[in-house]
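Colleague: Encoded as structure tokens, here's the structure I'll be asking about.
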Ligand code: GDP
Ligand code: MG
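Numbering (this note's numbering), first residue to last: 13 to 799.
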């Protein structure tokens, strides 16, 4: 090891542990490192590199974290001295039974009891890290009463519901966050919700098996001075491994009620609800929000924070911000809070002087000093109250699974195998089976309605509208519901077990080359099945830029509804090479997607993909309730779309197809308005070799559902021979490429609109059509040269 160059995380050997000395980087990213526990003095172990050599998996504060190699170089370390396992001083201490809400369970004194007036609605924010069991707890607390909406102005899901058994309450499931620093859009949303909407209480859920990192958020929430209760989740796992938590001691040290629960097994949830109602009703604020130690390092941080608090006292009150929270955020260097406080120039300078003085005395910069203060308190708290098992069974199991799923040689084959199995089961086994059933059901229903309408002598246009328009159009889209639900079932399994995080870890390096990060792989993979759930799955992406870019690229992944088109045209024109051509089309879609991504990267989506600082949770079995809940939501989402946008556009197309310009029904589709319109746009396709109105009509109906391209062309041409006579093989090749790339179907466009808004949806349509036209033209010209 060279002594001239300072050592960084990069220089650690696999399995070795180092102590952090410096944390480089700047701004929000650096704050994020600190918030995730990478602070000076922390011990970090290098677990492994991803199969492609980047990113790497680390262990810090008892959990697994990913970091890109380039970011790791910014973190200076020295060899660690204290590698010995430290025995907690809580070992051997007995924790008496946890008191309920009796004499001992009261957290306020009579004198400052200020109950809210009877009948005041109690609103709760459910806040916690990602993967700590928030969704599971939320579903337990609310039962089936929740509703999903959007946080105003952003497309992050907002789920809220009534706490079961307590009418007049509302609990909102906030996005999973690691700190109250505005890093990802979700953290901004959560922070704004708590600061602006002022819930009457906070339920903070904490993963007890990963308690140090989780408590970091807890302390920031306590600084907000909002009544709060702490839910220690995953107690079943902790206890099962011989760990324990001295709950009473923890309550005493924190000054808030602490309730051990297991959300998965629904243990302790009722008690948690009772405590939550109680603290909100009596507005019992945390008993302490002061975590600075007046003796540590000469009290530098302590004096600084208290000085700042006095300095900004009136400004914080005027801005409606909790004083302590505002002070720590100011010292951390939070621009938003600084702006909100509206300090005078003189005060700003004074603030700066106070902070600089602290940095000098403490020997750490401002952000690191605050993070260090929090982790120092957590360390003390955990030492006194938590008895940890040596290595939990769950972690040992995760390590074994990861040896294969993120192993150097096994990761990619495992990934391909798992995805192949998911698609096979979805599209060929369960989904196909259910889809056939659904189609039969729709057909039977159509038949019944058809004969009933005939019997009642319903007029021809109405009859046609209902049968050909509504049942035909909505029905064909509806028949996709089973496939979508089954696909989401598997994907939610992969997501909730923790495998998706591993896929992102394994694929990150590859995706970075086109300007995305590992997490974008998931929506794109789903896109091969169906663009609609693919676009919906992009919600999990942390950065807005990545999300938009991923959504724009997902439609390039050839969806399953295009298969019939490929099959039909290949059989007609290139029967000897159909397999090869189909595979080629899939790869062409990916290739064009990559090209477009590269163009995006250099133009409208300039800048880096978000840093890949991500937790790798232990593998866990997802709860059946969670999965059922999610499936129901996705199905509802899809049905809503089917019965609004698709319903409407179906009727429009049916009208255009069935009526002539004189608004009477036509017998021959050639005289319909649709044919006229198709005739108008047909010349656009002349350079590509298929400027035939019948093909244009097929392409227009394909906008509703890709499968209908084939059915329309079949009907309008009458026979394959007629089609063969109408266009050349070169034109057919161009048509194949055009169908691969042109606008996603109405359902997909509707979901893009729902995620990003109308402008982006229009953008996707224009982009795809433009790219398809150009690629079609190139194909046509290339084929003309060859044949
Ligand atoms: P979220 O990301 O915070 O919403 O967490 P989820 O509710 O999705 O839970 C993450 C994983 O932890 C899922 O696989 C759950 O089944 C599991 N889980 C949640 N609560 C518990 C618990 O109390 N005990 C155990 N053993 N697992 C749990
Ligand atoms: Mg969740």
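Glycine included, C-beta positions come from ideal geometry on N, C-alpha and C. Small disclaimer: the values here were computed from a predicted structure and weren't measured.
1) Between residue 661 and residue 789, what straight-line distance do the alpha-carbon atoms span, to the nearest angstrom?
2) Excluding five sequence neighbours on each side, which residues of the same chain lie with their C-beta closer than 8 Å to the C-beta of residue 472?
3) Thinking residue 276 and residue 154 are a contact (beta carbons under 8 Å), I'd like their distance in whole angstroms, please.
4) I'd like to check one pair, residue 182 with residue 239: are the Cβ atoms closer than 8 Å?
5) Among the candidates 20, 707, 571, 184, whose CA atom is the shortest distance from the CA of residue 210?
6) Just to confirm, does residue 793 get its C-beta within under 7 Å of one of the non-hydrogen atoms of the ligand GDP?
7) Take every Cβ of the segment 483-494, pair it with every Cβ of the segment 521-536, and state whether three or more of those distances are shorter than 8 Å.
8) Let me confirm a value: residue 546 is counted as buried when at least 16 other C-beta atoms fall within 10 Å, else exposed. Which label applies?
9) Put residue 272 into one of helix, strand or coil per three-state DSSP.
10) Give me the residue from 24, 747, 72 with the minimum Cα distance to residue 701.
11) Taking residue 60 as part of the beta strand (DSSP E), name the residues at either end of that continuous run.
12) Measuring CB atoms only, is the segment 392-405 touching the segment 357-368, in the sense that at least three cross pairs come out at less than 8 Å?
13) Taking 7 Å as the cut-off, does the CB of residue 226 come closer than this to any heavy atom belonging to the ligand ZN?
14) Short of 7 Å in beta carbon distance, which residues of its chain neighbour residue 543, apart from the five on each side in sequence? Order them along the chain.
15) Quick check on the burial criterion: 16 or more other C-beta atoms within 10 angstroms. Buried or exposed for residue 633?
16) Go to residue 90, then tell me how far its alpha helix (DSSP H) extends in each direction, as first and last residue.
17) Inspect the beta-carbon positions of residue 171 and residue 152 and report whether they are closer than 8 Å.
18) Are three or more beta carbon pairs between the segment 401-414 and the segment 249-266 nearer than 8 Å?
19) Taking three-plus beta-carbon pairs below 8 Å as touching, is the segment 325-332 in contact with the segment 21-37?
20) Could you tell me which of 796, 773, 39 sits nearest to residue 348, measuring between CA atoms?
21) Which full runs of the alpha helix (DSSP H) of 4+ residues lie inside the segment 447-480, going along the chain?
22) Could you check what DSSP says for residue 208 in three-state terms: helix, strand or coil?
23) Taking 7 Å as the cut-off, does the CB of residue 222 come closer than this to any heavy atom belonging to the ligand GDP?
24) For residue 122, which residues from the same chain have a beta carbon less than 8 Å from its beta carbon, with the 5 sequence-adjacent residues on both sides left out?
25) Please classify residue 549 as buried or exposed, where buried requires at least 16 other C-beta atoms within 10 Å of its C-beta.
26) Any idea what DSSP makes of residue 150, helix, strand or coil?
27) Could you tell me if the beta carbon of residue 632 falls within a distance shorter than 7 Å of some heavy atom in the ligand GDP?
28) Could you tell me which residues DSSP pairs with residue 240 in its beta bridges?
29) According to DSSP, is residue 140 part of a helix, a strand, or is it coil?
30) So, helix, strand or coil for residue 34, using DSSP?
31) Can you list, in chain order, the residues of its chain whose CB lies under 6 Å from that of residue 300, leaving out five sequence neighbours each side?
32) Where does residue 78 fall in DSSP's three states?
33) Note down the Cα distance separating residue 368 from residue 378, rounded to an integer number of angstroms.
34) Since residue 626 sits in a beta bridge, which residues does DSSP pair it with?
35) Return the first residue and the last residue of the beta strand (DSSP E) that residue 70 is part of.
36) Tell me whether residue 436 is buried or exposed, calling it buried when 16 or more other Cβ atoms sit within 10 Å of its Cβ.
Modeller: The structure says:
1) Taking the first residue of the chain shown as position 1, residue 661 is located at position 649. Taking the first residue of the chain shown as position 1, residue 789 is located at position 777. Rounded to whole angstroms, the gap between the alpha carbons of residue 661 and residue 789 is 29 Å.
2) Your numbering for residue 472 matches position 460 in the chain shown. Only 677 meet the Cβ criterion.
3) Mapped onto the chain shown, residue 276 falls at position 264. Mapped onto the chain shown, residue 154 falls at position 142. Contact flag wrong, Cβ pair sits at about 16 Å.
4) Indexing the chain shown from 1 puts residue 239 at position 227. Indexing the chain shown from 1 puts residue 182 at position 170. No; because the gap between Cβ atoms is not below 8 Å, this pair is not in contact.
5) Working through the chain shown from its first residue, we reach residue 210 at position 198. Looking only at 20, 707, 571, 184, the smallest Cα-Cα distance to residue 210 is reached by 184.
6) In the chain shown, residue 793 corresponds to position 781, counting from 1. Not one heavy atom of the ligand GDP falls within 7 Å of the beta-carbon of residue 793.
7) Using a C-beta cut-off of 8 Å, the segment 483-494 makes no contact with the segment 521-536, since fewer than three inter-stretch Cβ pairs fall below that distance.
8) By 1-based counting over the chain shown, the position of residue 546 is 534. Flag for residue 546 reads buried.
9) Your numbering for residue 272 matches position 260 in the chain shown. Strand at residue 272.
10) For the purposes of this step, residue 701 is identified with residue 689 of the chain shown, where counting begins at 1. When only C-alpha atoms are compared, the closest one is 747.
11) Looking up residue 60 in the chain shown gives position 48. Here the beta strand (DSSP E) through residue 60 covers 55-61.
12) Contact between the segment 392-405 and the segment 357-368 is absent: fewer than 3 CB-CB pairs across the two stretches fall below 8 Å.
13) Although the ligand ZN was asked about, the structure shown includes only the ligand GDP and the ligand MG as ligands.
14) In the chain shown, residue 543 corresponds to position 531, counting from 1. Closer than 7 Å at the Cβ level, and outside the excluded window around residue 543, lie 566, 567, 571, 756, 760.
15) Along the chain shown, one-based indexing puts residue 633 at 621. Per the 10 Å Cβ criterion, exposed.
16) Residue mapping note: residue 90 aligns to position 78 of the chain shown, counting from 1. Not the alpha helix (DSSP H): residue 90 falls in the beta strand (DSSP E), residues 87-91.
17) Counted from its first residue, the chain shown places residue 171 at position 159. Counted from its first residue, the chain shown places residue 152 at position 140. For residue 171 and residue 152, no; Cβs fall outside 8 Å.
18) Judged by Cβ distances under 8 Å, the segment 401-414 makes contact with the segment 249-266, as three or more pairs qualify.
19) At 8 Å Cβ cutoff, the stretches do not touch.
20) Taking the first residue of the chain shown as position 1, residue 348 is located at position 336. Taking the Cα of residue 348 as reference, the smallest distance to any Cα among 796, 773, 39 is reached at 39.
21) Fully enclosed alpha helix (DSSP H) runs of 4 or longer: 472-476.
22) Within the chain shown, numbered from 1, the residue matching residue 208 stands at position 196. In the structure shown, residue 208 adopts helical secondary structure according to DSSP, grouped into three states.
23) Mapped onto the chain shown, residue 222 falls at position 210. For the ligand GDP, not one heavy atom lies less than 7 Å from the Cβ of residue 222.
24) Counted from its first residue, the chain shown places residue 122 at position 110. For residue 122, the predicted structure reports a pLDDT of 49, less than 50, and the residue's modelled location is therefore unreliable. The matter cannot be settled from this model.
25) Translated into the one-based positions of the chain shown, residue 549 becomes position 537. Under this definition residue 549 is a buried residue.
26) As a first step, residue 150 is located in the chain shown; it is residue number 138 there, counting from the start. Of the three classes helix, strand and coil, the one that applies to residue 150 here is helix, per DSSP.
27) Start at 1 with the first residue of the chain shown, and residue 632 comes out as number 620. The beta carbon of residue 632 sits closer than 7 Å to at least one heavy atom of the ligand GDP.
28) Walking along the chain shown from the start, residue 240 turns up at place 228. Partner(s): 214.
29) In the chain shown, the residue the question calls residue 140 occupies position 128. In this structure, residue 140 counts as strand in the three-state DSSP scheme.
30) Position 22 of the chain shown holds residue 34. Residue state, collapsed to three classes: strand.
31) On the chain shown, position 288 is the one that residue 300 refers to. Apart from the 5 residues on each side of it in sequence, residue 300 sits with its Cβ closer than 6 Å to the Cβ of 267 in its chain, given in chain order.
32) By one-based count along the chain shown, residue 78 stands at place 66. It is a strand residue.
33) As a working mapping, residue 368 is identified with position 356 in the chain shown. As a working mapping, residue 378 is identified with position 366 in the chain shown. In a straight line, the C-alpha of residue 368 is about 8 Å away from that of residue 378.
34) Within the chain shown, numbered from 1, the residue matching residue 626 stands at position 614. Its beta-bridge partners are 78.
35) For the purposes of this step, residue 70 is taken as the residue at position 58 of the chain shown. Run containing residue 70: 68-72, per the beta strand (DSSP E) assignment.
36) To locate residue 436, count along the chain shown from 1; it is residue 424. Here residue 436 is exposed, its C-beta having fewer than 16 other C-beta atoms within 10 Å.
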